[in-house]
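A.B. asks: Pasting a structure here, questions to come.
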DNA sequence: TCGGTGTATTGACGATTGTCGATGTATAGC
DNA sequence: GCTATACATCGACAATCGTCAATACACCGA
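Residue numbers (my numbering), protein chains in the order written: chain A, 1 to 110; chain B, 111 to 220.
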């Protein structure tokens with residue numbers, strides 16, 4: 001007699017993942033990933049001129065992507081003379097791992 | 111006499127991160143992250159009706175996000191009767207972890 | 001102070017994205 | 001068959017994004 005239900009209702013996780021979404025959005029472009037991969041492998045600062053030379057993008061576009069990564073807190077930069085050097089933010093790996101974990105953590109086994 | 115250089119030239123990583131970019135783009139929306147978090151905590155199938163009820167979105171929008179997650183290979187679905195049930199793809203965590211690693215792996219210490 | 005070089009910002013453009021109403025499709029019950 | 005329900009797709013819209021030419025800014029050397 002009762003209306004058939006599809007299933008015992010599952011409550012949608014209500015935590016807001018706004019900050020995680022913003023972080024992953026910064027990873028949603030292959031050129032930005034190339035930049036991050038370069039910085040990760042360098043483990044040292046990299047000059048902007050290397051990116052403009054090595055990426056198939058014009059200089060303003062490279063600068064734009066670097067700005068997005070800066071605003072996401074994934075990279076830091078320092079000007080020395082005419083040149084600007086970028087490096088991976090110290091906690092970049094950790095923050096991304098933590099974000100992944102925040103979303104995909106297993107159901108509590110308690 | 112020589113032109114001053116900014117630094118020893120660093121070569122930009124030329125691997126194409128197209129697939130990784132597509133994957134992370136799927137994580138670039140907080141509502142999709144809520145869906146994934148729900149599926150991850152359920153560790154079992156979740157009916158679409160739970161998402162339409164639990165998210166502040168209309169039904170077509172929910173369906174759209176589910177489609178994007180499906181196309182990214184992060185979720186699978188199965189119809190049983192009138193209802194459609196989604197669950198996390200078995201390798202979702204693994205693929206995301208591997209993508210993060212592909213980008214952020216340390217420089218070879220050899 | 002004046003060019004010259006490296007980087008950032010601005011303004012514009014097409015492409016993509018998130019959203020929703022309307023409509024289509026699939027299944028169940030009558 | 002018909003109707004109702006659950007979900008998917010379509011079409012349209014505003015908003016955001018990736019890109020580039022033009023311009024501005026910062027620094028250096030003469």
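Note that the Cβ used here is the ideal one computed from N, Cα and C, for glycine as well.
Remember, it's a predicted structure, so these values are computed and weren't measured experimentally.
In chain order, what residues of the same chain lie with their CB nearer than 7 Å to the CB of residue 199 of chain B, ignoring the 5 residues before and after it?
C.D. replies: On the second chain, position 89 is the one that residue 199 of chain B refers to. Around residue 199 of chain B: 183, 184, 185 and 186.
A.B. asks: Between the C-alpha atoms of residue 101 of chain A and residue 125 of chain B, what's the straight-line distance to the nearest angstrom?
C.D. replies: As a working mapping, residue 101 of chain A is identified with position 101 in the first chain. As a working mapping, residue 125 of chain B is identified with position 15 in the second chain. Cα to Cα, the separation comes out at about 26 Å.
A.B. asks: Using a cut-off of 9 Å between C-beta atoms, extract the partners of residue 156 of chain B located in chain A.
C.D. replies: Sequence index remark: in the second chain, residue 156 of chain B carries index 46 (1-based). Here the neighbours are 7, 10 and 12.
A.B. asks: Contact criterion: CB-CB distance below 8 Å. Does residue 91 of chain A meet it with respect to chain B?
C.D. replies: On the first chain, position 91 is the one that residue 91 of chain A refers to. Residue 91 of chain A does not count as touching chain B.
A.B. asks: Could you check whether the Cβ of residue 131 of chain B sits closer than 8 Å to any Cβ belonging to chain A?
C.D. replies: Stepping through the second chain from its first residue, residue 131 of chain B is reached at position 21. Chain A contact via Cβ: present.
A.B. asks: Checking the sheet assignment: what are the DSSP bridge partners for residue 79 of chain A?
C.D. replies: Taking the first chain and counting its residues from 1, one reaches residue 79 of chain A at position 79. A:84.
A.B. asks: Do you know offhand how far residue 86 of chain A's Cα is from residue 166 of chain B's?
C.D. replies: Sequence index remark: in the first chain, residue 86 of chain A carries index 86 (1-based). Sequence index remark: in the second chain, residue 166 of chain B carries index 56 (1-based). Going from the Cα of residue 86 of chain A to the Cα of residue 166 of chain B covers about 39 Å.
A.B. asks: Mind checking if residue 104 of chain A is an interface residue toward chain B, Cβ cutoff 8 Å exclusive?
C.D. replies: Walking along the first chain from the start, residue 104 of chain A turns up at place 104. Yes, contact with chain B.
A.B. asks: Tell me which residues share the same chain as residue 162 of chain B and place their Cβ nearer than 6 Å to its Cβ, disregarding the 5 neighbours each side in the sequence.
C.D. replies: By 1-based counting over the second chain, the position of residue 162 of chain B is 52. Here the set comprises 169 and 172.
A.B. asks: Using the beta-carbon count (16 or more within 10 Å), is residue 130 of chain B buried or exposed?
C.D. replies: Residue numbering aside, residue 130 of chain B sits at position 20 when the second chain is read from its first letter. By the neighbour-count rule (16 or more Cβ atoms within 10 Å), residue 130 of chain B is buried.
A.B. asks: Between residue 103 of chain A and residue 150 of chain B, which are expected to be in contact by the criterion C-beta below 8 Å, what is the C-beta distance as a whole number of angstroms?
C.D. replies: One-based indexing of the first chain puts residue 103 of chain A at position 103. One-based indexing of the second chain puts residue 150 of chain B at position 40. Indeed, because the Cβ distance is near 7 Å, the residues count as touching under 8 Å.
A.B. asks: Name the DSSP bridge partner or partners of residue 47 of chain A?
C.D. replies: One-based indexing of the first chain puts residue 47 of chain A at position 47. BP columns for residue 47 of chain A point to A:85.
A.B. asks: Roughly how many angstroms lie between the CA atoms of residue 71 of chain B and residue 31 of chain A, to the nearest whole one?
C.D. replies: The requested residue 71 of chain B does not occur in the structure, where chain B is confined to residues 111 to 220.
A.B. asks: Who are the Cβ neighbours of residue 47 of chain A in its own chain at under 6 Å, not counting the five residues just before and after it?
C.D. replies: Walking along the first chain from the start, residue 47 of chain A turns up at place 47. Excluding residues within five positions, the ones whose Cβ falls inside 6 Å are 83 and 85.
A.B. asks: Between residue 209 of chain B and residue 54 of chain A, which are expected to be in contact by the criterion C-beta below 8 Å, what is the C-beta distance as a whole number of angstroms?
C.D. replies: Counting from 1 along the second chain, the entry for residue 209 of chain B is found at position 99. Counting from 1 along the first chain, the entry for residue 54 of chain A is found at position 54. That belief does not hold up - the Cβ atoms of residue 209 of chain B and residue 54 of chain A are roughly 21 Å apart, past 8 Å.
A.B. asks: Please return the same chain residues whose Cβ sits closer than 7 Å to the Cβ of residue 148 of chain B, not counting the five positions on each side in sequence.
C.D. replies: On the second chain, residue 148 of chain B is found 38 positions in, with the first residue counted as 1. Once the five neighbours on either side are set aside, the close Cβ partners of residue 148 of chain B are 156.
A.B. asks: Which whole-angstrom value describes the C-beta separation of residue 24 of chain A and residue 137 of chain B, a residue pair presumed to lie in contact below a C-beta threshold of 8 Å?
C.D. replies: One-based indexing of the first chain puts residue 24 of chain A at position 24. One-based indexing of the second chain puts residue 137 of chain B at position 27. That pair is a contact at about 4 Å.
A.B. asks: For a test of the three-state rule: what should DSSP assign to residue 121 of chain B, helix, strand or coil?
C.D. replies: Numbered from 1 along the second chain, position 11 holds the residue referred to as residue 121 of chain B. Looking at residue 121 of chain B - three-state DSSP - the assignment turns out to be coil, as it is neither helix nor strand.
A.B. asks: Classify residue 23 of chain A as helix, strand or coil using the three-state DSSP reduction.
C.D. replies: Looking up residue 23 of chain A in the first chain gives position 23. Correct three-state label for residue 23 of chain A: helix.
A.B. asks: Whole angstroms are fine: how far does the CA of residue 181 of chain B sit from the CA of residue 90 of chain B?
C.D. replies: Absent from the structure is residue 90 of chain B, since the part of chain B shown begins at 111 and ends at 220.
A.B. asks: Tell me the residue span of the alpha helix (DSSP H) that contains residue 60 of chain A.
C.D. replies: Numbered from its first residue, the first chain carries residue 60 of chain A at position 60. Where residue 60 of chain A is concerned, the enclosing alpha helix (DSSP H) stretches over 59–71.
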